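Okay, so the sequence shown: first residue is 54 according to the working numbering, each after it adds one.
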Amino acid sequence: MADTAATLAQLPLGALERAFIASLQRLEPTAPVPVLLAAALCCEALGKGDVCLPLARLAGRRPWPEHDIRLPALADWRACLRASSLVGAPGAYAPLILDGERLYLARYQAYERQLAEQLLARAGDRPPVDEAQLGESLARLFAFNQQRPDWQRLAAAQAVRRRLAVISGGPGTGKTTTVVRLLAALLEQPGGERLAIGLAAPTGKAAARMAEAIRHAKAELPVSDAVKAALPDEARTLHRLLGSRGDSPRVRHDAANPLPLDVLVVDEASMVDLALMAKLVAALPPKARLILLGDKDQLAAVEAGAVFAELCEGRGFDAQAAADLERITGQAVAVETPHSRLGDAVVLLTHSHRFAGGSGIGELARRINGGDARGTLALLDETRADLRWNAAPAAPALVERLEEGYRPYLQAARQGDPAQAFAAFNDFRALTAQREGAFGVNGLNEALEARLRRRAGVSVRERWYAGRAVMVRQNDYALGLFNGDIGLCLWTELGWRVFFEGDDGHRAFAPARLPSHDSAFVMTVHKSQGSEFGDVLLALPEQPSPLLTRALFYTGITRAKRKVEIWALPARLTEAVNTRAERAAGLAERLAVDPLTAVMPTGAASGAQDQLSLF
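What follows is the structure, encoded as structure tokens:
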């Protein structure tokens, strides 16, 4: 025991890892060091976004290079784990679950296995459909599209014909257009007028954008007034939809108390982590349709898992699916053997209406996603109206450029009109990869605000001034303000007020009432997901960073509608394009046509539910 304690004491473990190890040692006082190290590494993996610990990746290596502790070889490590009472096989009741060469915290193994089972059951159950009516509806609703094949029409057909639809597309590919028209087609089916339809998104900002887009889109639909009236135009966050209970992992709606919905549409699904997706699918009635919208190439959720990207793997239309779609839509699609049992439930929208033709942003996005670092740099060296690259960035010059970029907004803010201020603020936005460092959120916001205060003659003791932009850091359900909401400080006859965009106009709050918040002239790419801005300035750090990935680079540049300005060294851009972030998980394998661990042992389902509750 003394040797074990001494070994663990020297490791750079966080408070959570040490507390978890201590709890395991109470359960098994003689637990060997390799088991405890695996448990600590499992916790660390979750913090990095991995669902599990891939043993083969670390076996025989030093997980902490600065410490001379080497893990056992793979076979020896697995044997040690199997021999411990702290580790169980899939379906067992234990804190850790060894599933092949992946080690999970029990709760996350149960989440993953339960989600895979329920998605497969939903994908395999086909609702009754009037195909003649569906064909007529789709022909009318998508008559404006001239592309062949018309992937929007095909995606709508699959969403009506199946209880699970996964629709992925980049910015401007018409995901909202597709979903509002597929819902209209669904309402035109026999009995469709009785459907209870829900709209949801991971964040309040994304939910508000989704609702606004659908309100605008449905006004132009070639359908009856009754169908337009039946289309929903209010969206909720997933946490509010499920009835989250503070810090508890439990939610109000689950399999025993399902959501009262026949159809649920989830936008920005790439931002949904494994735990939340598992709870969502479990809470949806088995006969309800689930439609997931997102962009498989965007950054994954902040929490563990890259569920949406895994769902999009192995897609394809077999001969039967292709024949069915051609019969209903008149659209021919290529036959491709699917490698996922979700198969034709997944449809990719490939034609971008925003970045079409000679768009530099569109071409840049394609080269980034293709892993073409040399082509990316060559494109940025060209003269393109919508691309600009500063290949030798310096922090003072960047702060000066930010002041210039926000000048029209600050002029608008001094007028005191919130609508005008928000329009100007959304016309230019600065994004960065990380919070710390000279090119991080904290440093740039501090330097820019100091400059703005000097220009305006605002005392350093004054926190609030015309145009100060803030981002809420924590949810406040009483005020209706949520993590990620942006507020702008304007002068009113009542003094300083911070305005937030709402469904019914702008809401004003006294600064003292706001929940915890930060300045928001510069924000991380992660926080920008679900948003669009006129022009975007993307600043990447000078030093190498694990945050610089292909997905971050792609997500950052595609927030822009008109122009992207990149401040980054060539080496950092090359690293970003060449680094494909892959999260350790087993969901795609469980959904595969020939998965290694797809079959749940008899009686394991009830054990999984116990694990969700207790570990």
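Glycine included, C-beta positions come from ideal geometry on N, C-alpha and C.
Owing to the predicted nature of the structure, the values given are computational and were not obtained by experimental measurement.
A distance below 7 Å between beta-carbons, with the five flanking residues on each side excluded, links V232 to the following residues of its chain, in chain order: V318, I344, L346.
Looking from the CA of G223, the closest CA among Q373, T290, E416, L172 belongs to E416. Put simply, the region 553 to 567 touches the region 521 to 535. At least three CB pairs are less than 8 Å apart. C-alpha of F492 to C-alpha of P594: approximately 5 Å in a straight line. For G188, the enclosing alpha helix (DSSP H) stretches over residues 184 to 194.
The beta carbon of R560 lies closer than 6 Å to those of F553 in the same chain, with the five residues before and after it left out. Assigned with DSSP and collapsed to three states, E635 falls in coil, not helix or strand. Counting along the chain, the unbroken alpha helix (DSSP H) around E379 starts and ends at 372 to 382. L327 is positioned such that its CB atom lies no closer than 9 Å to that of Q582.
Annotated three-state conformation of H120 is coil, per DSSP.
DSSP places F552 within a strand segment (E or B) once states are collapsed to three. In chain order, A448, E489, G490 place their CB closer than 8 Å to the CB of G496, counting only its own chain and leaving out the 5 sequence neighbours on each side. In the DSSP assignment, D129 falls within the unbroken alpha helix (DSSP H) covering 127 to 136. Put simply, the backbone Cα of T256 is about 29 Å away from that of A621. Secondary structure note for F475: its alpha helix (DSSP H) is the uninterrupted segment 471 to 478.
Counting only runs of 3 or more residues that sit fully inside the region 255 to 343, the beta strand (DSSP E) segments are 288 to 290, 301 to 304, 316 to 319, in chain order. By the neighbour-count criterion, in which a residue is buried when 16 or more other Cβ atoms sit within 10 angstroms of its Cβ, P471 is buried. A distance below 6 Å between beta-carbons, with the five flanking residues on each side excluded, links G609 to the following residues of its chain, in chain order: L484, V578, L591. Annotation: the continuous alpha helix (DSSP H) that includes V452 extends over 448 to 466. In the assembly as shown, Q205 is a buried residue. Its beta-carbon has 16 or more other beta-carbons within 10 Å. By the beta-carbon neighbour count (other beta carbons within 10 angstroms, threshold 16), S598 is buried. For R160, the secondary structure class from DSSP, reduced to helix, strand or coil, is helix. The count of Cβ pairs closer than 8 Å, one atom from the region 179 to 191 and one from the region 150 to 157, stays below three, leaving the stretches out of contact.
Across the structure, Y462 and Y518 are spaced so that their CA atoms are roughly 13 Å apart. The continuous beta strand (DSSP E) containing K616 extends over residues 613 to 620. Fewer than three Cβ pairs drawn from the region 260 to 270 and the region 302 to 315 lie within less than 8 Å of each other, which leaves the two stretches out of contact. Looking only at A503, A169, L401, the smallest Cα-Cα distance to T226 is reached by L401. Taken through DSSP and simplified to helix, strand or coil, C105 comes out as coil. G113 is a Cβ neighbour of L124, given a cutoff of 9 Å. In this structure, the alpha-carbon of E170 lies about 33 Å from that of A126.
Distance from the CA of A308 to the CA of R507, rounded to the nearest whole angstrom, comes to 57 Å.
For V646, the secondary structure class from DSSP, reduced to helix, strand or coil, is coil. By the criterion of a C-beta distance shorter than 8 Å, A174 is surrounded in its chain by P339, once the five residues flanking it on both sides are discounted. Annotation: the continuous beta strand (DSSP E) that includes F562 extends over 558 to 562.
Going by C-alpha positions, A335 is about 11 Å away from A341.
Ranked by how close their Cα comes to the Cα of G548, the residues D203, G469, R603, Q596 have G469 in first place.
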